[in-house]
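**Student:**
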């Protein structure tokens, strides 16, 4: 996901976009974007705003049409995203679906979401018994990651993967 369309801007069909690219304006460099329904969006014009970019999308010419896109997540084909330069950097899409194993090799679960709520990246891991566990995605807790093998070796905080007695 490269960004999320927010509120309409003005009356001519412009939209605010929260871009997840290093340079927010670079979202326009990826060419046509799509949503989870397969609709394509092409950025015709883009400019910076306070914490977002304001864009005019081809074919969106009214405020009403722009308002209907609020909340749409924008994606790009995987092959359009360059591989990370640093061996300790990973694309979120590459982490989702990876098996998470403990220091003893036991399966702890599978990564279902990579999230960041402001204090750093978190892996949401679905355990074999169906629970969801959030684990910090740091070198200390995930010291070895093998994307090719779809495997993350984890050293989770004590008790993180233990079931609550209240359940």
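Residue numbers (the numbering used here): 7 to 173.
In this text, a Cβ means the ideal position worked out from N, Cα and C, and glycines have one as well.
Okay, do the segment 52-61 and the segment 24-42 touch, 3+ Cβ pairs below 8 Å being the bar?
**Tutor:** yes
**Student:** Reducing DSSP to helix, strand and coil, say where residue 168 ends up.
**Tutor:** Position 162 of the chain shown holds residue 168. In this structure, residue 168 counts as coil in the three-state DSSP scheme.
**Student:** Can you tell me whether DSSP reads residue 85 as helix, strand or coil?
**Tutor:** For this step, residue 85 is matched to residue 79 along the chain shown. It is helical.
**Student:** Grouping DSSP H, G and I as helix and E and B as strand, with all else coil, what is residue 33?
**Tutor:** Counting from 1 along the chain shown, the entry for residue 33 is found at position 27. Helix.
**Student:** Provide the residue(s) that pair with residue 79 in DSSP beta bridges, ordered along the chain.
**Tutor:** Along the chain shown, read from residue 1 onward, the residue named residue 79 stands at position 73. In DSSP, residue 79 forms a bridge with 10.
**Student:** Per DSSP, residue 146 is paired with what?
**Tutor:** As a working mapping, residue 146 is identified with position 140 in the chain shown. None, per the DSSP bridge assignment.
**Student:** Just how far apart, CA to CA, sit residue 173 and residue 138?
**Tutor:** Residue numbering aside, residue 173 sits at position 167 when the chain shown is read from its first letter. Residue numbering aside, residue 138 sits at position 132 when the chain shown is read from its first letter. Confidence in residue 173 is poor, its pLDDT being 48 and thus under 50, which makes the residue's placement too unreliable to answer from.
**Student:** Can the beta-carbon of residue 121 be found less than 7 Å from the beta-carbon of residue 128?
**Tutor:** Along the chain shown, one-based indexing puts residue 121 at 115. Along the chain shown, one-based indexing puts residue 128 at 122. Cβ atoms of residue 121 and residue 128: closer than 7 Å.
**Student:** Please confirm whether residue 158 and residue 119 have their CB atoms less than 7 Å apart.
**Tutor:** Walking along the chain shown from the start, residue 158 turns up at place 152. Walking along the chain shown from the start, residue 119 turns up at place 113. No, they are not a contact pair.
**Student:** Does residue 49 pass the burial test, meaning 16 or more other C-beta atoms within 10 Å, or should it be called exposed?
**Tutor:** Sequence index remark: in the chain shown, residue 49 carries index 43 (1-based). Counting Cβ neighbours within 10 Å, residue 49 comes out buried, since at least 16 surround it.
**Student:** Buried or exposed for residue 19, going by 16 or more other Cβ atoms inside 10 Å?
**Tutor:** The residue you call residue 19 lines up with position 13 of the chain shown. Burial call: buried.
**Student:** Assuming residue 147 contacts residue 162 under a Cβ cut-off of 8 Å, what Cβ separation, rounded to an integer in Å, is found between them?
**Tutor:** Within the chain shown, the letter at position 141 stands for residue 147. Within the chain shown, the letter at position 156 stands for residue 162. Confirmed, Cβ separation roughly 6 Å.
**Student:** Kindly indicate which three-state DSSP category residue 51 falls into: helix, strand or coil?
**Tutor:** For the purposes of this step, residue 51 is taken as residue 45 along the chain shown, with counting starting at 1. If DSSP states are grouped into helix, strand and coil, residue 51 belongs with the strands.
**Student:** If you compare alpha carbons, which of 79, 100, 80 and 81 is closest to residue 89?
**Tutor:** Looking up residue 89 in the chain shown gives position 83. Comparing Cα positions, the closest option is 100.
**Student:** Would you list the one or two residues that DSSP bridges to residue 115?
**Tutor:** Looking up residue 115 in the chain shown gives position 109. Per DSSP, 106.
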